[in-house]
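What follows is a single structure, written as structure tokens, with notes after it.
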Amino acid sequence: MIFGLFLNNYHLRSQTSKEAEIYNWFDKNIGIESLDIKNGAAHLNFDNTVENQNRYYFTENFRKGTLRYNNQNYYDVLLKYDIYKDDLVLNPYDEANTTKINLIKDNVENFSINNEKFINLKVLNPSFFKGGFYEEVLINSTSALYIKYFKEKKKDQKEESNLIQYIPRYEFVLLKDSKYYLINGKKEIIALFPESKRKINDYYFMNKSLKKENPALFIKNLVKYINN
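Numbered by our numbering, the letters in the sequence shown go through residues 1 to 228 in order.
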């Protein structure tokens, strides 16, 4: 049975790899000008920021990723995620090219960068949630955590400085029993998992430094810990 499961897993990975090769060959041979993803507004960024700060998720450099756009899969495309504007940015040619395109958001179903999957949560009510792209962390067959990364812009506090600061912010949404809940605070989490109140309090007490240094990882680990 174990050997059979290994073969099935290997077969699925082989299928995915083969599919990526086919799509890449097709995209390369028909030319970027014919691809649907070339449509979109130019991405412009004239920020003069404080050192080591930018408006992007993870890095301001383009990284190879995957994309589901207008019902079409794309592999090994150069992407970066502008979390200040909530725009997915594409370099449609190569890393040396300066052309950058903001993909049409409504056409983006999901994308992956650095093995992290983001989906377009169009179902969320904008009066209660920020909406747009969220990292998806599957917990079990009925639950998932969605993390909204965004940044707030403000000017540097130094006198006569025109530099911009970007302050990281987060929104955490839990899908539980087919409903979406904001869980930006401990009280909201305990209200959803009252039977785990002691575990939640212990986790907060033991992971104070992680909560401060990496809020997203803190919540990821907490939700997994509760559901373990």
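Note that CB positions come from ideal geometry on N, CA and C, so glycine has one too.
Out of curiosity, what's the CA-to-CA distance linking residue i and residue j?
i, j, result
"A144", "L210", "21 Å"
"Q53", "K64", "21 Å"
"T59", "L182", "27 Å"
"L218", "E136", "Before going further, note that residue 218 is Phe rather than Leu in the sequence given. About 15 Å."
"V77", "N110", "13 Å"
"I189", "A216", "15 Å"
"I226", "I167", "29 Å"
"A51", "E195", "Sequence check: residue 51 is Glu here, not Ala. Straight-line Cα distance between these residues: approximately 45 Å."
"K208", "N228", "21 Å"
"N45", "I101", "12 Å"
"E116", "D156", "31 Å"
"D202", "L222", "10 Å"
"N73", "H43", "22 Å"
"Y134", "D86", "10 Å"
"F118", "R198", "31 Å"
"L174", "Y75", "29 Å"
"G132", "E213", "25 Å"
"K220", "K105", "26 Å"
"K187", "Y146", "18 Å"
Who are the Cβ neighbours of residue i in its own chain at under 7 Å, not counting the five residues just before and after it?
i, result
"L254", "Beyond the ends of the chain as shown, which are 1 and 228, falls residue 254; an answer cannot be given."
"K224", "I139"
"N162", "N48"
"F237", "The structure shown has nothing for residue 237, since the chain only spans 1 to 228."
"R169", "F150, K151 and E152"
Given a threshold of 16 other Cβ atoms within 10 Å of its Cβ, counted over all protein chains shown, does residue i qualify as buried or as exposed?
i, result
"F172", "buried"
"N114", "exposed"
"R55", "buried"
"I200", "buried"
"F128", "exposed"
"N120", "buried"
"K151", "buried"
"G185", "exposed"
"F205", "exposed"
"S178", "exposed"
Could you give the residue range of the alpha helix (DSSP H) that holds residue i?
i, result
"I197", "It should be pointed out that residue 197 corresponds to Lys in this sequence rather than to Ile. Where K197 is concerned, the enclosing alpha helix (DSSP H) stretches over K197 to M206."
"L192", "K186 to L192"
Could you give the first and the last residue of the continuous beta strand (DSSP E) run that contains residue i?
i, result
"Y225", "Y225 -> not in any beta strand (DSSP E); alpha helix (DSSP H) instead, spanning P215 to I226."
"K151", "A144 to K155"
"N120", "E116 to N120"
"N107", "Careful: N107 lies outside any beta strand (DSSP E) and carries neither H nor E."
"D76", "Q72 to D82"
"Y181", "K179 to L182"
"E51", "First-last for E51: undefined, no H or E at that position."
"F172", "I164 to K176"
"K64", "R63 to Y69"
"D87", "D87 to N91"
"Y134", "F133 to L138"
"I101", "I101 to L103"
Comparing the C-beta of residue i with each C-beta of chain C, is any distance below 7 Å?
i, result
"E60", "No chain C appears in the structure shown, which is made up of a single protein chain."
Report all residues from its chain with a CB closer than 6 Å to the CB of residue i; omit the five preceding and five following residues, and keep chain order.
i, result
"Y149", "Y57 and I83"
"K154", "Q165"
"S112", "G65 and T66"
Can you name, in chain order, every residue of its own chain whose Cβ lies under 8 Å from the Cβ of residue i, other than the five neighbours on each side?
i, result
"K176", "T142, S143 and L192"
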